[in-house]
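Undergrad: Protein chains in written order, with my numbering: chain A, 1255 to 1452; chain B, 13 to 379; chain C, 1232 to 1798.
Glycine is no exception: its CB is placed at the ideal position from the N, C-alpha and C atoms.
Sending over a structure as structure tokens; questions will come in a sec.
Written out as structure tokens, the structure is:
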């Protein structure tokens, strides 16, 4: 947090400003939310309008396990943030690593699901409206997971070299905010795709 | 074809010359809104002019005026008054909006289906089994004999928009969707308009001509449009069509056609096949790929991609208004439509001049 | 607070740096290099502005070619294919390569200075955003050479600036025109979002001591609101362009009407971007008016809190009006009524701002140098533009006006009459700060009067063909509709505006070398950018300022009557 210290004593209250990283990441999250909203709206608009091809109910299996992995990773990353706030770097590395593993598991789950849909159910992005909107929406989310994981792997690597220290807590937490956003988006996507449209 | 006069000759597209109920309602609303806006403009700009003159800096005066930071009462007043103006405007708009858009269709209404194409208009009258193109005929509607026309609009390709200003506002024409509008023309005459949604290179030449006829004239027009070319045609044309070796009868044989008499085909002499007459024209028309795009009811031609030509000569223009329907223009169009409408979707067929002339001769018989 | 040794005064006096402008500049190559690798908000701001001015000339030439084609009916100056490319590129260029960059340029330059900061929150992101926007423009114009090349005008986009589906689907646009449009704008959108994030972070996190949010210059408030709108509005455009590319290259069906897709969905998505976008374009000019009108009326802005509320209110309401571009597309009557009402509602905060400007002038001592001339014209023209907007919001009347030249006249009234005029005002007002030289007043007045004559000749008259049934985006028109003389006059006015812009360009170049020395504060103004040298040193302020009111320099200059006594 960038707190500007009081110098002349002419102000009654200390001069504090919000932190740049948090504000900037919140702005990015706002913009990304708008993008996701558009893809969700397209998915909902076209729900039930297909005249041919597989329907969600026919081919989608609810990915409970992988969802639990992804959503629990938010808890583990919170543990990592907690650890670095207290200077416990070993614990930080542990929880950070668990988060990455859970994220990778989720990605594996998406890949396995897409394999089944393409090879066994013959559902591709060009099959019908469901195919188009499903792969775009879930794919957009998965791409954000990938970007998040890449950033987290960088942090992991830096941390293994000892370059991440407690004074970097603020930067790490900015990235963690992104990760929480990715998980929150999954809650929406999961609800729309696997609950509402099935 | 009776030449109808433009209903408001010098300004035929004016939205201030309404000739149908929706257009009238929109017109009255527009005058109401215009007057309010004019008053607001005069008030605000008047104050601004006054302020700029009265409070201009005098030369050599370097002192600052008294600093005024704001006033809650003034802020409230110029918040509340605009809100009231907006309430009035909104209610006036809502009244016309609901009355025009949600008007119920009476049983005396005429149903017309409008299909937009790149770059022409298809019109169908489902109750009468009539299909035509580019020039729409509607019956007059009066208080004593109301006959509004209810249009269902859709597109065969991209987005278009149907706009004939004197008969009403425009309605967009979308693929995969049917929109609805209505008009009750209150005066006979010709009304012009054009496509109002950019749809490609020849959007500018996708013109509309709406002929509003008296009920009697309208009936006459419908009856003519309902006749197929098999009924209207000369016997030799019907026989030529049936004897054409390349003829796949895609449709039912017209009931009154004369029986096939074996080889009643065109004679083998070159002179005869070279002659520029409607029979040879029909042969060429049907042998070339004209029939894959165009329909001439009662013959083998039943293509749907281009305009229906069954009663081509009942129209005043060709190419959706790109040119007048004269023999010369018709022949030039067939030779290369791009001379009138570069970018239209009918290709130049690269036929010989003779073939073009023959086809023209045939088309001239499609009254 | 009647403290005699105001921290404000102390900080500002020592912040004033009189380093001469051209000392220690280095070789030519070093100078060019410093501009390419710069992360300094001032240099990036000037790069944005210069880039935009180049494209202003390009898009203006496209407009002149359009007007030559339309000067008389059935004209043959350009083919319909070329004409379609001209109006598509004119619109796309003006919005994305002129409007957005020039406004981001001013924002980049002014926001850190006016809040007493040393630079933007993320200088490297700033540089990245500029260069990706610049790349986008070059990519878009490269399209003229792609395809069959310049004479056939290559693959330059020809699908109209709003690129309605399904005209843009592969079936109806088999070439690459749509792809150039989508990819170039996608890239420019990334740049815009980057700058928007930067501006919001700067305004909230980089303010100097004492500058609470309610002491923020209105320019900073408006740029923060505009940036928020960019975040929420440009993203939908990015999304639907991605969908379009998925349709075109991966076989998707988002807008593929032949496979069940919807044309109306594109329209909704595009206008969810498109309407807030025009507010993105108009809020910074409002910001300029908020700074210039008070200084030239010699009075504080009237109703600062109301102005803040109105500006933020415009931002929010503008997110809910988009379907007023779609009154004819076949929404239900309830939908049409809703958007009529929401659009009319946006007139209320806009009216509040206009009346506040009027009240600022009222009781002042108005000086009519060039920045104020353009601001005065802006005020009159803005009222008309807003009123024709209200007319267009009347959905039942909109059914006649939509897609006609009335709409073209309305939005050019806003874009040129309000936005461009205020941009010109801003150029005359802040050029001295950016270069240390004054722009020539005589040339400025020529520029102004030529613009006024040309603008009104073109855009006042242009309303009438629309009222007489002339649709937009047509490459020619029938001679018997009564549109001929009107179109002729419109074209002449366009050329007069072209001459006016050339006068400006000459003034910009000439004054850089021979303009009068400006000094730090040529206009006797009150915000922090005037408290440092012209042009400012790289670090902006030698000592971080500390402020006690909205007009720190007024407090300095009028210690007997400081604003801080009234807050």
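1) Helix, strand or coil: which one does DSSP assign to residue 1725 (chain C)?
2) Quick check: is the beta carbon of residue 242 (chain B) nearer than 7 Å to any beta carbon in chain C?
3) Between residue 1553 (chain C) and residue 1502 (chain C), how many whole angstroms is the CB-CB distance? I'm expecting something under 8 Å.
4) Please identify the residue among B:214, B:291, B:234, B:30 whose C-alpha is closest to the C-alpha of residue 1310 (chain C).
5) Could you tell me the distance, in whole angstroms, from the CA atom of residue 1762 (chain C) to the CA atom of residue 1339 (chain A)?
6) Can you tell me where the beta strand (DSSP E) with residue 238 (chain B) in it begins and where it stops?
7) Could you check how far apart the C-beta atoms of residue 1707 (chain C) and residue 1304 (chain C) are, in whole angstroms? I think they sit under 8 Å.
8) Please confirm whether residue 67 (chain B) and residue 1595 (chain C) have their CB atoms less than 7 Å apart.
9) Is it true that the stretch 1352-1366 of chain A meets the stretch 1318-1329 of chain A, where meeting means three or more beta-carbon pairs spaced less than 8 Å apart?
10) Which word fits residue 1494 (chain C), buried or exposed, when buried means at least 16 other C-beta atoms lie within 10 angstroms of its C-beta?
11) Once the 5 residues before and after residue 1648 (chain C) are set aside, which same chain residues still bring their CB inside 8 Å of it?
12) Check whether the Cβ of residue 1397 (chain A) lies closer than 7 Å to any Cβ atom in chain C.
13) For residue 87 (chain B), does the three-state DSSP call read helix, strand or coil?
14) Drop a sphere of 10 angstroms on the beta-carbon of residue 1282 (chain C), count the other beta-carbons inside from all chains shown, and report buried for 16 or more, exposed for fewer.
15) Kindly indicate if chain A contains any beta-carbon less than 7 Å away from that of residue 1865 (chain C).
16) For a test of the three-state rule: what should DSSP assign to residue 173 (chain B), helix, strand or coil?
17) Listing by chain order, which chain C residues have their CB less than 8 Å from the CB of residue 1371 (chain A)?
18) Assuming residue 1671 (chain C) is part of the beta strand (DSSP E), what are its boundary residues?
19) Quick check on residue 63 (chain B) - is its C-beta less than 7 Å from some C-beta in chain C?
20) In the DSSP assignment, find the alpha helix (DSSP H) that holds residue 1369 (chain C) and state where it starts and stops.
21) What does a CB cutoff of less than 7 Å around residue 1620 (chain C) pick up in its chain, not counting 5 residues either side in sequence?
22) With a threshold of 7 Å between beta carbons, is residue 170 (chain B) in contact with chain C?
23) Going by alpha carbons, who is nearest to residue 1624 (chain C) out of B:105, B:130, B:118?
24) Over what stretch of residues does the beta strand (DSSP E) that includes residue 123 (chain B) continue unbroken?
25) Going along the chain, which unbroken runs of the alpha helix (DSSP H) with 4 or more residues stay wholly within the stretch 312-362 of chain B?
26) Under the three-state reduction of DSSP, which class applies to residue 1274 (chain A): helix, strand or coil?
27) Below 7 Å between beta carbons: does that hold for residue 1430 (chain C) and residue 1404 (chain C)?
28) Between which two residues does the alpha helix (DSSP H) containing residue 1260 (chain C) stretch?
29) Quick one: is residue 1288 (chain A) buried, meaning 16 or more other Cβ sit within 10 Å of its Cβ, or exposed?
30) Which bits of chain C does residue 1284 (chain A) rub up against, with CB to CB less than 8 Å?
31) When you compare each of A:1432, A:1271, A:1270, A:1416 to residue 1346 (chain A) by their alpha carbons, which one comes out closest?
32) Report, in whole angstroms, the separation of the C-beta atoms of residue 1367 (chain C) and residue 1292 (chain C), which I expect to be a contact under 8 Å.
33) Is residue 1416 (chain C) close to chain A? Criterion is C-beta to C-beta, closer than 7 Å.
34) Tell me whether residue 48 (chain B), by its Cβ, gets closer than 6 Å to a heavy atom of the ligand COA.
35) Starting from residue 151 (chain B), follow the beta strand (DSSP E) in both directions and report where the run begins and ends.
36) Say whether chain A places a C-beta atom closer than 7 Å to the C-beta of residue 1424 (chain C).
TA: Once the coordinates are examined:
1) Three-state DSSP puts residue 1725 (chain C) in a helix.
2) No, residue 242 (chain B) does not count as interfacial toward chain C.
3) A Cβ-Cβ separation of about 4 Å places residue 1553 (chain C) in contact with residue 1502 (chain C) under the 8 Å criterion.
4) Of B:214, B:291, B:234, B:30, the residue nearest in Cα terms is B:214.
5) Residue 1762 (chain C) and residue 1339 (chain A) have their C-alpha atoms some 41 Å from each other.
6) Residue 238 (chain B) -> not in any beta strand (DSSP E); alpha helix (DSSP H) instead, spanning 227-238.
7) Confirmed, Cβ separation roughly 6 Å.
8) Cβ atoms of residue 67 (chain B) and residue 1595 (chain C): closer than 7 Å.
9) Contact between the stretch 1352-1366 of chain A and the stretch 1318-1329 of chain A is present, because at least three Cβ pairs lie under 8 Å.
10) For residue 1494 (chain C), the number of other beta carbons within 10 angstroms of its own is at least 16, and it is reported as buried.
11) The beta carbon of residue 1648 (chain C) lies closer than 8 Å to those of 1608, 1609, 1612, 1613, 1615, 1616, 1686, 1690 in the same chain, with the five residues before and after it left out.
12) No, its Cβ sits nowhere closer than 7 Å to a Cβ of chain C.
13) Here residue 87 (chain B) sits in helix by DSSP.
14) Classification of residue 1282 (chain C): buried, given that the 10 Å Cβ count is 16 or more.
15) In the structure as shown, chain C begins at 1232 and stops at 1798. Residue 1865 (chain C) is therefore absent and cannot be evaluated.
16) DSSP places residue 173 (chain B) in strand when its eight states are reduced to three.
17) Chain C residues near residue 1371 (chain A): none, gap ~15 Å exceeds 8 Å.
18) Neither: residue 1671 (chain C) is in no beta strand (DSSP E) and is coded neither H nor E.
19) So, interface residue.
20) Element bounds for residue 1369 (chain C): 1354-1373.
21) Taken in chain order, the residues that qualify are 1641.
22) Yes, because at least one Cβ of chain C sits closer than 7 Å to the Cβ of residue 170 (chain B).
23) Comparing Cα positions, the closest option is B:105.
24) That run of the beta strand (DSSP E) goes 122-129.
25) Within the stretch 312-362 of chain B, the complete alpha helix (DSSP H) runs of at least 4 residues are 339-347.
26) Residue 1274 (chain A) sits in a helix when the DSSP states are folded into three classes.
27) For residue 1430 (chain C) and residue 1404 (chain C), no; Cβs fall outside 7 Å.
28) Segment 1259-1268, the alpha helix (DSSP H) holding residue 1260 (chain C).
29) Counting Cβ neighbours within 10 Å, residue 1288 (chain A) comes out buried, since at least 16 surround it.
30) The contacting residues are 1459, 1462, 1463.
31) Sorting A:1432, A:1271, A:1270, A:1416 by C-alpha distance to the C-alpha of residue 1346 (chain A) places A:1416 at the top.
32) Not a contact, Cβ separation roughly 20 Å.
33) Residue 1416 (chain C) has a beta carbon lying at 7 Å or more from every beta carbon in chain A.
34) With respect to small molecules bound, the structure shown includes none, and the ligand COA cannot be examined in it.
35) 147-151 is the span of the beta strand (DSSP E), which, as asked, contains residue 151 (chain B).
36) Yes, its Cβ sits closer than 7 Å to a Cβ of chain A.
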